[in-house]
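Novice: If you read the protein sequences in the order shown, they are chains A and P.
First residue of the first sequence? That's 1 in UniProt numbering, and the numbers climb one at a time after it.
First residue of the second sequence? That's 1 in UniProt numbering, and the numbers climb one at a time after it.
The beta carbon of each residue, even a glycine, is placed where N, CA and C say it ideally should be.
Would you mind keeping the following structure in view while I ask a few things?
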Amino acid sequence: MVERILQVTDLSVHYGAIKAVQQVNFVVNRGEIVTLIGANGAGKSTILRGISGLEKPVAGQMMFNNQDLNGLSSESRVQQGIVQVPEGRHVFPGMSVLENLRLGAYTMHDKQQFSKTLAHVFDLFPILAERKTQDAATLSGGEQQMLAIGRALMAQPKMILLDEPSMGLAPLFIQKIFDIIQQIRESGVTVLVIEQNAHQALTIADRGYVLESGQIIATGTGAELLASSQVRAAYLGG
Amino acid sequence: MSSILQQLLNGVILGSVYALLALGYTMVYGIIKLINFAHGDVYMLGAYFGYFFINVLHLNFFIALVLAMAVSAGVGVVIEFVAYRPLRQSPRIAVLISALGVSFLLENGMSYFFGSDKRAFPQAIATVQYHFGQLQISNIQLLIIGTAVVLMLGLTLIVQKTKMGRAMRAVSADQEAAILMGINVNRTISFTFAIGSALAAAGGVLIGLYYNNIDPLMGMTPGIKAFVAAVLGGIGIIPGAALGGWLIGILETLTQAIGLSDYKDAVVYGILIVILLWKPTGILGKNGREKV
């Protein structure tokens, strides 16, 4: 039984005169990994920012769990279960790993739930448990990405939005991050991931959408898009 | 020798008040990158509230102090809401000008409604002098240092250990990431103004008691000096504000002690220039360019 968790209809987001996203339509089903791929500036990040409430769309509708997101603050969206991991990680410098994780659970008020979730995150990322008193700014790029993802999981999201999670990481870490994404899905969290690393993203994704100049130009299962000559030519280096 | 010690002690007392004020500057700067030039006037308002509670309502000094802090906290929240929040998306200079406007409004508004003359601050606590060898310290001076230290410890506890304190640090460090954690940024900023204003008010009431008089312009010079103190310690860094406050207080007192009273303000502002030229990030600041 396919159940829609997110339905985006005719979404348009502008930055002043720049039409970053134009009438985009896509859906994410519960339990899926869906990826948006496309070149730099295609509008991928802007879509995520629209969903998390960092940008205000000029038009369109976003239904999450049959609730209209327009008019909801970012804070309420987190409470509804949408949590975004920002591009470039954005861990809080000068604060310990544990404090960063606590901030991830900012909207959670139940102490037992907090400990349970923390244990789950430490399970996924043992390195964070080892480094929990360390200043987040002193972690390596890959560790910071793990912290950023772990921090988002602390909010117990229903859907996690990942913005370029592999960007700037060593190949070893990239593989690890994609493994983790699959583990996150297996734990019951829906994943919407945007990536320039299209090959990896399509390999783990159930479905994908290809964006170009703010519009969706192709869609299909991960395997279909991987096989598509159009996608191969544009994003997978032939 | 003993006179130097005495001056150092006096400097620490004056510096405690600067430190209380500097904390507000630095917290507000940390969270919205605004030099809140109306902050010294909140200190003045705090002194007037204290005056009102003691003189008119005949409350106990400590109750008056706490009430003055609470009311001033509310004033700080209102100032932010009315004069700064609507300009959140505007260039920083617009908010800075708005802060100057609020400063003038408070100074002239108070002069207009309550007169610009100095008023005698009630001697709510009788002064007692203590002698330790050659050193002399009054109960009022001890009260100033004690209150300042207690408030600073309280602030540290709030900032380090509470959820709201963590939210304050998160918004200071990375506002957008804080939003993504589900932190209500506006509420966090209001809280920061409340705390900063309460500390300023405490400084105002203590200084009223110490110098025995208050007037609508009493916040101007201490306001600027506390700003210098915040920059000296490293703007945006909470322990830096305390350190800077004490250093400025000591420096000012020592300048007076060596007979250069007329230059004590010039020395403080000279420090600002030197710091800005030589190490703009302040004593505790990390060197490095601000990320834009």
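Express the C-alpha separation of P/I140 and P/Y130 in angstroms, rounding to a whole number.
Specialist: Counting from 1 along the second sequence, the entry for residue 130 of chain P is found at position 130. Counting from 1 along the second sequence, the entry for residue 140 of chain P is found at position 140. Distance between the alpha carbons of P/Y130 and P/I140 is about 11 Å.
Novice: Nearest CA to the CA of P/V268: which residue from P/I250, P/G285, P/P280?
Specialist: On the second sequence, position 268 is the one that residue 268 of chain P refers to. Among P/I250, P/G285, P/P280, the Cα nearest to that of P/V268 belongs to P/I250.
Novice: Show which residues of chain P have a CB atom less than 9 Å away from the CB atom of A/L54.
Specialist: Counting from one through the first sequence, the residue named residue 54 of chain A turns up at place 54. Correct list: E176, I179, L180.
Novice: Helix, strand or coil: which one does DSSP assign to P/V159?
Specialist: For the purposes of this step, residue 159 of chain P is taken as the residue at position 159 of the second sequence. P/V159 falls in the helix class under three-state DSSP.
Novice: Listing by chain order, which chain P residues have their CB less than 8 Å from the CB of A/Y15?
Specialist: Locating residue 15 of chain A in the first sequence gives position 15, counting from the first residue. Ordered by position in chain P, no residue passes the 8 Å Cβ test against A/Y15, which lies about 13 Å from the chain.
Novice: On the CB-based measure, 16 or more other CB atoms within 10 Å of its CB, does P/K291 come out buried or exposed?
Specialist: On the second sequence, residue 291 of chain P is found 291 positions in, with the first residue counted as 1. Its pLDDT being 41, under 50, P/K291 is placed unreliably in this model, and the coordinates cannot settle the point.
Novice: Given this structure, state the Cα-to-Cα distance separating P/I275 from P/G245, to the nearest angstrom.
Specialist: The residue labelled residue 275 of chain P in the question sits at position 275 within the second sequence. The residue labelled residue 245 of chain P in the question sits at position 245 within the second sequence. C-alpha separation (whole angstroms): 14 Å.
Novice: Mapping the DSSP letters down to three states, classify P/L8 as helix, strand or coil.
Specialist: Walking along the second sequence from the start, residue 8 of chain P turns up at place 8. Helix, per DSSP.
Novice: In this structure, does DSSP put P/H131 in helix, strand or coil?
Specialist: Along the second sequence, one-based indexing puts residue 131 of chain P at 131. If DSSP states are grouped into helix, strand and coil, P/H131 belongs with the strands.
Novice: Using a Cβ-Cβ distance under 8 Å, would P/E290 count as near chain A?
Specialist: Walking along the second sequence from the start, residue 290 of chain P turns up at place 290. Note that P/E290 scores a pLDDT of 45, beneath 50, so its modelled location is shaky and nothing firm can be said.
Novice: Which residues, in order along the segment 85 to 105 of chain A, keep a beta-carbon less than 7 Å from a beta-carbon of chain P?
Specialist: P86, H90, F92, P93, G94, M95, E99, R102, L103, G104
Novice: DSSP state of P/R289, grouped into three classes?
Specialist: Position 289 of the second sequence, counting from 1, holds the residue named residue 289 of chain P. With a pLDDT of 47 at P/R289, under the threshold of 50, the modelled position of that residue is not reliable, and the figure given next carries that caveat. Correct three-state label for P/R289: coil.
Novice: Do A/V24 and A/I160 have their CB atoms nearer than 8 Å?
Specialist: Walking along the first sequence from the start, residue 24 of chain A turns up at place 24. Walking along the first sequence from the start, residue 160 of chain A turns up at place 160. Cβ distance not < 8 Å, so A/V24 and A/I160 don't count as in contact.
Novice: Does DSSP classify A/H199 as helix, strand or coil?
Specialist: Reading the first sequence from its first residue, position 199 is the one you call residue 199 of chain A. Residue state, collapsed to three classes: helix.
Novice: Given A/M95, which residues of its chain have a CB within under 8 Å of its CB, disregarding the five upstream and five downstream residues?
Specialist: By one-based count along the first sequence, residue 95 of chain A stands at place 95. Sequence-distant Cβ neighbours of A/M95 in its own chain, meaning closer than 8 Å and more than five residues away, are L103, D135, A136.
Novice: From the DSSP secondary-structure annotation, give me the bridge partner or partners of P/I214.
Specialist: Here the question's residue 214 of chain P lines up with position 214 in the second sequence. In the DSSP output, where bridge partners are listed per residue, P/I214 has P/R119.
Novice: Using 10 angstroms around the beta-carbon of P/D41, count the other beta-carbons present and answer buried if the total reaches 16, otherwise exposed.
Specialist: Here residue 41 of chain P corresponds to residue number 41 of the second sequence, with the count starting at 1. That one is buried.
Novice: I want to verify the contact list: residues of chain A whose CB lies under 8 Å from the CB of P/N184, in sequence order.
Specialist: The sequence position of residue 184 of chain P within the second sequence is 184, counting from 1. Near P/N184 (Cβ distances below 8 Å), the residues of chain A are S73, E75.
Novice: Helix, strand or coil: which one does DSSP assign to A/G97?
Specialist: As a working mapping, residue 97 of chain A is identified with position 97 in the first sequence. A quick correction: the sequence has Val, not Gly, at residue 97 of chain A. Looking at A/V97 - three-state DSSP - the assignment turns out to be helix.
Novice: Taking only beta-carbon atoms, is P/A64 less than 8 Å away from chain A?
Specialist: Looking up residue 64 of chain P in the second sequence gives position 64. Under the Cβ distance rule, P/A64 does not count among the residues neighbouring chain A, no pair being separated by less than 8 Å.
Novice: Near P/S138, what residues of its chain come up, given a Cβ to Cβ distance below 8 Å and the 5 sequence neighbours on each side ignored?
Specialist: As a position in the second sequence, residue 138 of chain P is number 138, starting the count at 1. T127, V128, Q129, Y130, listed in sequence order.
Novice: Quick test of your reading: A/P86 and P/A167, contact by CB under 8 Å. State the CB separation rounded to the nearest angstrom.
Specialist: As a first step, residue 86 of chain A is located in the first sequence; it is residue number 86 there, counting from the start. As a first step, residue 167 of chain P is located in the second sequence; it is residue number 167 there, counting from the start. With a Cβ gap of about 17 Å, A/P86 and P/A167 do not count as contacting.
Novice: Since A/T107 and A/V78 should fall inside the 8 Å C-beta cutoff, what is the C-beta to C-beta distance between them, to a whole number of angstroms?
Specialist: Residue mapping note: residue 107 of chain A aligns to position 107 of the first sequence, counting from 1. Residue mapping note: residue 78 of chain A aligns to position 78 of the first sequence, counting from 1. Rounded, the Cβ-Cβ distance is 5 Å, consistent with contact.
Novice: With DSSP collapsed to three states, give me the class of A/V189.
Specialist: Working through the first sequence from its first residue, we reach residue 189 of chain A at position 189. Judged by DSSP in its simplified three-state form, A/V189 adopts coil rather than helix or strand.
Novice: Evaluate contact between the segment 194 to 208 of chain A and the segment 225 to 234 of chain A, counting only Cβ atoms and requiring at least three cross-stretch pairs below 8 Å.
Specialist: yes
Novice: Of the residues A/I180, A/Q156, A/F114, which one's Cα is nearest the Cα of A/Q145?
Specialist: Your numbering for residue 145 of chain A matches position 145 in the first sequence. The candidate whose alpha carbon is nearest that of A/Q145 is A/I180.
Novice: Just curious, the beta strand (DSSP E) that A/L6 is in, first and last residue?
Specialist: For this step, residue 6 of chain A is matched to residue 6 along the first sequence. Element bounds for A/L6: 4 to 15.
Novice: Mind checking whether A/V28 and A/V34 have CB atoms under 8 Å apart?
Specialist: Along the first sequence, read from residue 1 onward, the residue named residue 28 of chain A stands at position 28. Along the first sequence, read from residue 1 onward, the residue named residue 34 of chain A stands at position 34. Yes, the Cβ-Cβ distance between A/V28 and A/V34 is below 8 Å.
Novice: At the level of alpha carbons, what is the spacing between A/N66 and A/R4?
Specialist: Numbered from its first residue, the first sequence carries residue 66 of chain A at position 66. Numbered from its first residue, the first sequence carries residue 4 of chain A at position 4. Taking the straight line from one Cα to the other gives about 8 Å.
Novice: Is A/T107 close to chain P? Criterion is C-beta to C-beta, closer than 8 Å.
Specialist: Stepping through the first sequence from its first residue, residue 107 of chain A is reached at position 107. Interface residue, yes.
Novice: Can you tell me whether A/G220 is helix, strand or coil according to DSSP?
Specialist: The sequence position of residue 220 of chain A within the first sequence is 220, counting from 1. If DSSP states are grouped into helix, strand and coil, A/G220 belongs with the strands.
Novice: Exposed or buried, P/I183, counting other C-beta atoms within 10 Å across all chains shown (16 or more means buried)?
Specialist: As a first step, residue 183 of chain P must be located in the second sequence, where it is residue number 183. Result: buried.
Novice: First and last residue of the alpha helix (DSSP H) that includes P/M110?
Specialist: In the second sequence, the residue the question calls residue 110 of chain P occupies position 110. From DSSP, the alpha helix (DSSP H) with P/M110 extends over 92 to 114.
Novice: Who pairs with A/M62 in a beta bridge, going by DSSP?
Specialist: The count along the first sequence starts at 1 and reaches residue 62 of chain A at position 62. According to DSSP, which records beta bridges pairwise, A/M62 is partnered with A/V8.
Novice: Since P/Y43 and P/I214 are thought to touch, with beta carbons under 8 Å apart, how far apart are those beta carbons, to the nearest angstrom?
Specialist: Stepping through the second sequence from its first residue, residue 43 of chain P is reached at position 43. Stepping through the second sequence from its first residue, residue 214 of chain P is reached at position 214. Not a contact, Cβ separation roughly 10 Å.
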